[in-house]
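Some notes on the structure that comes next.
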Amino acid sequence: MTANSLMDAPGMTGVTSAAETTGAATRAPARLVDLFEQGLNSPICLTWELTYACNLSCAHCLSSSGRRDPRELTTAEAKAVIDELEAMQVFYVNIGGGEPTIRPDFFELLDYATEHHVGVKFSTNGVRLTPEIARRLAANDYVDVQLSLDGATAEVNDAVRGAGSYDTALRAAANLAEAGMKNFKISVVCTRHNIPQLDDFKALADRYGAQLRLTRLRPSGRGADVWDELHPLPGQQRELYDWLTANGDQVLTGDSFFHLSAFGAPLPGLNLCGAGRVVCLIDPVGDVYACPFAIHDEFLAGNVRSPGGFAEVWRDSSLFRRLREPQQGGACTSCSFYDSCKGGCMAAKFFTGLPLDGPDPECVQGHAESLLDARREVPKPSGDHSHSRTRRTGAVPVSLTRRRTDEVRRPPVSACDESPLAGFPRT
Amino acid sequence: MTASKPAGPAAAPGLDLDRAWTLHPQVSVRPEPFGALLYHFGTRQLSFLKDRRLLDVVSALSSASTARAACAAAGLRAEELPRYATALATLARSSMLVEPAPSTNRTVAS
């Protein structure tokens, strides 16, 4: 299942203009980035993975989803989280998974959230988006749908997301369009196989009255297993940057390509790692992580089931307090582009085994190349919920033996035989 | 991003301070240490008030007969008015602020 990611651009234009204006109203106009570095009362962008259960087994799944975790939050617990979000004035949540619509109480929770002034944008592979459901979604002003598609053709998409997933997504897109759902999102994780399809994705989104959303492939979850083969090649990074520069006002990016800003002019967006400052993740069992791409004990801030609930984790966890302190640029400080890329993505560095105060693994100035070559140990995600068939790394060793024919002729050993040597040939 | 450039009065005309203005019924306001966040559920846009006093003005709008009265209630001095009028105009352009309709037509419960 794809990511809901950091900040999405709904608001990015608003941010710019209002920031500009209101900046004029202050004595010394501070950049938003600098204000956000100290954190906010509540997250702007909260991702909530409702379940690890998924009908698909995408090769790059950032939450290693597949099987449901039996400790998953109950309906009552999930509603209590929504109550907290309402009290904290979290304007909307990005719901993902797993495939969130698989949860039997998904629509109950969705209605509960929107009735409590928490808007919902949810990511889905489209498996449950029948014409009837599509009509129901289109009727709710507080709901937005993000349909995952990682290829503009079935061939490219299904290689990553599984056979039939392209057709499922397009059928869902057709149902949403038919129901009158405007501007739903078609969300693409950029890989070296689909970078050549950027224009095709745009045309496809236009065809359904949808908005295109492009996000970065992170080496998180199962993404770590395929990152080396799938992440865009250096030349494609440039292609992507140029494409975003030309079309940036029409596509959303979840603010996920700020590492590309080191090519030159910054891309629209915050250009800041929001982990623990403006962004965080609640996982299906209620664990709170600094960002959706950092499901690892290292970035675990607490659990919503603790007495202080989510609010206390957000405001007081020692991890989040640390992330809100000014960050050191480390090896990047001397780079003249540090101010535009801020060293890139924390999760991408962590899961490729690079130091957190060094360059992003996809540093467009090439500063990470020697470090990647020298890396030895790469941290594994803390949880693996993959379907058992997803992560088989090789043949399972099984030794087969054969009884001698004279043994086979003997009567089978009775289940009631009390002898510890029952069935063994007598010597 | 152009956020760091302060907008001059020439860049954007100010709001008509002598009319009544109010927050759009679909806009939520969340105070933050640096000012406030505004979210418009209709346009799904997020805006930032980088100034606590601007938040005071915005909060006073709905109960004030004019935007000028709201500014006075927030304790602004006369020479500060043009800058704040420019800030309010930007919020009006993105539909965060609207002129109150004679019959308040609320499309979505809030």
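Same order as they appear, the protein sequences are chains U and H. According to the working numbering, the residues represented by the first sequence are 340 to 766, in order. According to the working numbering, the residues represented by the second sequence are 64 to 173, in order. Beta carbons: idealized from backbone N, C-alpha and C, even for Gly.
Residue nearest to residue i in terms of C-alpha spacing, selected from the options
| i | options | result |
| --- | --- | --- |
| residue 592/U | 571/U, 553/U, 386/U | 553/U |
| residue 477/U | 504/U, 441/U, 522/U, 620/U | 522/U |
| residue 427/U | 83/H, 81/H, 82/H, 91/H | 91/H |
| residue 408/U | 620/U, 473/U, 388/U | 388/U |
| residue 390/U | 455/U, 623/U, 618/U | 623/U |
| residue 613/U | 556/U, 577/U, 632/U | 632/U |
| residue 579/U | 514/U, 563/U, 600/U | 600/U |
| residue 502/U | 397/U, 439/U, 402/U | 397/U |
| residue 562/U | 374/U, 516/U, 720/U, 706/U | 720/U |
| residue 538/U | 582/U, 382/U, 431/U, 489/U | 582/U |
| residue 607/U | 690/U, 548/U, 595/U, 757/U | 595/U |
| residue 646/U | 402/U, 574/U, 419/U | 419/U |
| residue 545/U | 516/U, 535/U, 572/U | 516/U |
| residue 439/U | 425/U, 429/U, 411/U | 411/U |
| residue 114/H | 78/H, 98/H, 156/H, 136/H | 98/H |
| residue 88/H | 77/H, 106/H, 117/H | 106/H |
| residue 509/U | 585/U, 493/U, 498/U | 493/U |
| residue 378/U | 705/U, 756/U, 588/U, 662/U | 662/U |
| residue 604/U | 680/U, 711/U, 452/U | 680/U |
| residue 506/U | 465/U, 383/U, 722/U | 465/U |
Terminal residues of the alpha helix (DSSP H) in which residue i lies
| i | result |
| --- | --- |
| residue 451/U | 445–454 |
| residue 511/U | 504–517 |
| residue 129/H | Unbroken run through residue 129/H: none, as it is neither H nor E. |
| residue 755/U | Counting along the chain, residue 755/U falls outside any alpha helix (DSSP H), and DSSP gives it neither H nor E. |
| residue 634/U | Looking at the DSSP string, residue 634/U is not in any alpha helix (DSSP H), and its letter there is neither H nor E. |
| residue 648/U | 648–655 |
| residue 420/U | 414–426 |
| residue 664/U | Counting along the chain, residue 664/U falls outside any alpha helix (DSSP H), and DSSP gives it neither H nor E. |
| residue 568/U | 562–569 |
| residue 533/U | Note, residue 533/U: premise wrong, no alpha helix (DSSP H); not H, not E. |
| residue 500/U | 493–500 |
| residue 678/U | 677–680 |
| residue 688/U | 685–690 |
Whole-angstrom distance between residue j and residue i, CA atom to CA atom
| i | j | result |
| --- | --- | --- |
| residue 590/U | residue 491/U | 16 Å |
| residue 636/U | residue 560/U | 13 Å |
| residue 361/U | residue 104/H | Caution applies to residue 361/U, whose pLDDT of 37 falls short of 50 and renders its modelled position unreliable; the model cannot decide the point. |
| residue 674/U | residue 526/U | 32 Å |
| residue 110/H | residue 160/H | 12 Å |
| residue 761/U | residue 737/U | 23 Å |
| residue 163/H | residue 644/U | 43 Å |
| residue 718/U | residue 480/U | 41 Å |
| residue 126/H | residue 417/U | 37 Å |
| residue 650/U | residue 423/U | 7 Å |
| residue 652/U | residue 642/U | 7 Å |
| residue 703/U | residue 380/U | 34 Å |
| residue 513/U | residue 638/U | 39 Å |
| residue 68/H | residue 150/H | In this predicted model, residue 68/H has a pLDDT of only 34, less than 50, meaning its place in the structure is not dependable; the value taken from the coordinates is given anyway. Distance between the alpha carbons of residue 68/H and residue 150/H: 13 Å. |
| residue 686/U | residue 557/U | 8 Å |
| residue 112/H | residue 102/H | 11 Å |
| residue 616/U | residue 610/U | 13 Å |
| residue 81/H | residue 153/H | 17 Å |
| residue 366/U | residue 146/H | The pLDDT assigned to residue 366/U is 41, lower than 50, so where the model puts this residue is not dependable, and the model offers no usable value. |
| residue 524/U | residue 690/U | 28 Å |
| residue 364/U | residue 142/H | Summary for residue 364/U: the model assigns pLDDT 39, below 50, so the residue's position carries little reliability; its value from the coordinates is reported in the next sentence. Straight-line Cα distance between these residues: approximately 12 Å. |
| residue 520/U | residue 473/U | 8 Å |
| residue 83/H | residue 135/H | 14 Å |
| residue 460/U | residue 404/U | 19 Å |
| residue 723/U | residue 402/U | 8 Å |
| residue 731/U | residue 437/U | Confidence is the limiting factor: at residue 731/U the pLDDT is only 49, short of 50, which leaves the residue's position unreliable and the question unanswerable from this model. |
| residue 144/H | residue 118/H | 14 Å |
| residue 495/U | residue 518/U | 28 Å |
DSSP bridge partner residues for residue i (one or two, in chain order)
| i | result |
| --- | --- |
| residue 466/U | According to DSSP, residue 466/U bridges with nothing at all. |
| residue 103/H | 90/H, 108/H |
| residue 483/U | 460/U |
| residue 620/U | 386/U, 628/U |
| residue 642/U | 626/U |
| residue 550/U | 524/U |
| residue 591/U | 552/U |
| residue 143/H | The partner list for residue 143/H (beta bridge, DSSP) is empty, contrary to what the question assumes. |
| residue 85/H | 161/H |
| residue 614/U | 618/U |
| residue 578/U | According to DSSP, which records beta bridges pairwise, residue 578/U is partnered with nothing at all. |
| residue 542/U | Bridge partners of residue 542/U: none, in fact. |
Terminal residues of the beta strand (DSSP E) in which residue i lies
| i | result |
| --- | --- |
| residue 701/U | Neither: residue 701/U is in no beta strand (DSSP E) and is coded neither H nor E. |
| residue 526/U | 524–529 |
| residue 717/U | Careful: residue 717/U lies outside any beta strand (DSSP E) and carries neither H nor E. |
| residue 432/U | 431–436 |
Contact test: residue i Cβ vs the ligand ADP heavy atom, cutoff 7 Å
| i | result |
| --- | --- |
| residue 124/H | The ligand content of the structure shown is nil, which means the ligand ADP is not present either. |
Interface residues of chain B facing residue i [CB-CB closer than 8 Å]
| i | result |
| --- | --- |
| residue 677/U | In summary, chain B is missing from the structure at hand, where the protein chains are U and H. |
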